[in-house]
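*Asks:* If you scroll down you'll find the structure; I have some questions about it.
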Amino acid sequence: AQTVTQSQPEMSVQEAETVTLSCTYDTSESDYYLFWYKQPPSRQMILVIRQEAYKQQNATENRFSVNFQKAAKSFSLKISDSQLGDAAMYFCAYRSLGAGANSKLTFGKGITLSVRP
Amino acid sequence: SAVISQKPSRDICQRGTSLTIQCQVDSQVTMMFWYRQQPGQSLTLIATANQGSEATYESGFVIDKFPISRPNLTFSTLTVSNMSPEDSSIYLCSVGARSPYEQYFGPGTRLTVT
Chain Y
1 AQTVTQSQPE MSVQEAETVT LSCTYDTSES DYYLFWYKQP PSRQMILVIR QEAYKQQNAT
61 ENRFSVNFQK AAKSFSLKIS DSQLGDAAMY FCAYRSLGAG ANSKLTFGKG ITLSVRP
Chain B
1 SAVISQKPSR DICQRGTSLT IQCQVDSQVT MMFWYRQQPG QSLTLIATAN QGSEATYESG
61 FVIDKFPISR PNLTFSTLTV SNMSPEDSSI YLCSVGARSP YEQYFGPGTR LTVT
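These protein sequence lines map, in sequence, to chains Y and B.
Sequential numbering of the first sequence, starting at 1, is according to my numbering.
Sequential numbering of the second sequence, starting at 1, is according to my numbering.
Shown next, in the form of structure tokens:
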């Protein structure tokens with residue numbers, strides 16, 4: 001079974017600064033997807049970024065980028081130019097390719113990010 | 001992308017009673033997922049629901065406690081039965097996309113059991 005570990009329960013960043021959220025995972029599969037989800041106080045889960053394991057290039061979405069190290073099974077999220085609206089709980093998640101769209105997500109415990117004005 | 005709605009958005013219930021949560025999707029999907037998020041915790045999968053067949057439950061969750069219906073390709077319900085305060089959680093409905101394999105979530109139902 002796959003596991004996802006987020007060892008930092010909380011982090012804080014100054015507005016406009018950069019912060020990196022860590023995530024490691026364990027799997028015996030070679031093909032899979034990794035995701036970062038954001039959950040603000042509204043509790044709506046919002047997809048921030050995704051990474052296909054077969055792609056060596058790190059995914060980027062505007063101010064959000066990942067550092068994907070497949071051999072080390074590491075998948076960190078970097079938020080640049082942090083904004084007050086980035087304050088939320090962030091979850092790292094793993095998804096197998098085996099069952100396609102029917103595969104479930106395995107989540108880490110999450111990290112609460114606060115942004116200081 | 002898929003737009004998912006859930007009803008109710010929140011409820012306060014007495015112990016021993018049951019609550020049925022509805023999940024509606026704006027497009028046809030094969031599989032729907034139900035997650036539980038206990039206060040301040042991560043999401044835990046309760047079960048996956050395929051239209052026309054019995055739901056598949058994860059370890060620690062049983063059908064008698066969390067019966068699920070999936071009458072068609074756009075709708076599902078999750079019932080939380082014989083509730084206790086430990087059932088106080090956010091319950092989220094989710095569907096998977098065919099490509100690029102991301103998963104979409106409903107807004108969640110916040111349940112408080114007193």
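Glycine included, each C-beta is placed from N, C-alpha and C at the ideal position.
For clarity, every value in this text was computed on a predicted model and none was experimentally measured.
By the DSSP assignment, the beta strand (DSSP E) with Phe66/B in it spans what residues?
*Replies:* Per DSSP, Phe66/B belongs to no beta strand (DSSP E) and is neither H nor E.
*Asks:* Please go through the same chain and pick out, in chain order, the residues whose beta-carbon is closer than 6 Å to the beta-carbon of Gln83/Y, but skip the five residues on each side of it.
*Replies:* Contacts found: none.
*Asks:* Straight-line CA distance for Asp87/B to Gln57/Y?
*Replies:* Each residue's Cα considered, the two are about 42 Å apart.
*Asks:* Could you tell me whether any Cβ in chain B is nearer than 8 Å to the Cβ of Leu105/Y?
*Replies:* For Leu105/Y, the answer is yes, since a Cβ of chain B falls inside 8 Å of its Cβ.
*Asks:* Which residue from Trp36/Y, Glu15/Y, Leu113/Y puts its Cα closest to that of Thr24/Y?
*Replies:* Checked all of Trp36/Y, Glu15/Y, Leu113/Y; the closest Cα to Thr24/Y is Trp36/Y.
*Asks:* For Leu92/B and Thr18/Y, what's the separation of their Cα atoms in angstroms?
*Replies:* Computed Cα separation, rounded: 31 Å.
*Asks:* Enumerate in chain order the residues of its own chain whose CB-to-CB distance from Met31/B is below 8 Å, with the five nearest sequence positions on each side excluded.
*Replies:* The residues are Thr48, Ala49, Asn50, Val95, Gly96.
*Asks:* When you compare each of Val3/B, Phe105/B, Gly16/B, Val62/B to Phe33/B by their alpha carbons, which one comes out closest?
*Replies:* Selected option, being the one with the closest Cα: Phe105/B.
*Asks:* Expressed to the nearest angstrom, what Euclidean distance is found between the alpha-carbon atoms of Arg116/Y and Gly85/Y?
*Replies:* Using only the alpha carbons, I get a separation of about 11 Å.
*Asks:* Please report the distance separating the alpha-carbon of Thr112/B from that of Arg10/B.
*Replies:* Looking at the two C-alpha atoms, the distance is approximately 8 Å.
*Asks:* Report the residue from Ser81/B, Arg70/B, Asn72/B, Thr44/B whose alpha carbon sits nearest the alpha carbon of Gly110/Y.
*Replies:* When each option's Cα is compared against that of Gly110/Y, the closest is Thr44/B.
*Asks:* Would Leu92/B pass as an interface residue toward chain C - the criterion being a Cβ-Cβ separation below 8 Å?
*Replies:* Looking for chain C here will not work: the only protein chains present are Y and B.
*Asks:* Can you give me the C-alpha to C-alpha distance between Ser1/B and Leu78/B, rounded to a whole angstrom?
*Replies:* Their Cα atoms are separated by approximately 23 Å.
*Asks:* From Phe75/B to Thr20/B, what distance separates their C-alpha atoms?
*Replies:* Answer to the nearest angstrom: the Cα atoms are 13 Å apart.
*Asks:* Please classify Leu84/Y: does DSSP put it in a helix, a strand, or coil?
*Replies:* Looking at Leu84/Y - three-state DSSP - the assignment turns out to be helix.
*Asks:* Considering only DSSP beta bridges, list what Arg95/Y is partnered with.
*Replies:* According to DSSP, which records beta bridges pairwise, Arg95/Y is partnered with Tyr33/Y, Leu105/Y.
*Asks:* Sorted by chain position, which residues of the same chain lie with C-beta nearer than 8 Å to Arg15/B's C-beta, five sequence neighbours on each side aside?
*Replies:* For Arg15/B, where only same-chain residues beyond five positions count, the Cβ hits under 8 Å are Met83, Ser84, Pro85, Val113, Thr114.
*Asks:* Note down, in chain order, every chain B residue with its Cβ under 7 Å from the Cβ of Phe35/Y.
*Replies:* Simply Glu102.
*Asks:* Could you give the first and the last residue of the continuous beta strand (DSSP E) run that contains Asn67/Y?
*Replies:* Asn67/Y -> beta strand (DSSP E) spans 64-69.
*Asks:* Check Glu86/B in the structure and name its three-state DSSP category.
*Replies:* If DSSP states are grouped into helix, strand and coil, Glu86/B belongs with the helices.
*Asks:* Residues in its own chain within less than 6 Å of Gly108/B by CB, not counting five upstream and five downstream?
*Replies:* If we look at Gly108/B and ignore the five residues flanking it on each side, its Cβ neighbours are Ile90, Leu92.
*Asks:* Rounded to whole angstroms, what's the CA-CA distance from Leu73/B to Val29/B? Just pull it up for me.
*Replies:* Cα to Cα, Leu73/B sits roughly 5 Å from Val29/B.
*Asks:* Just checking Gln6/B against the ligand HEM - is the residue's beta carbon closer than 7 Å to any of the ligand's heavy atoms?
*Replies:* In the structure on display, the ligand HEM does not appear, and there are no ligands present to speak of.
*Asks:* Based on the DSSP secondary-structure assignment, which residues constitute the bridge partners of Gln8/Y?
*Replies:* Answer by DSSP bridge pairing: none, since Gln8/Y is not bridged.
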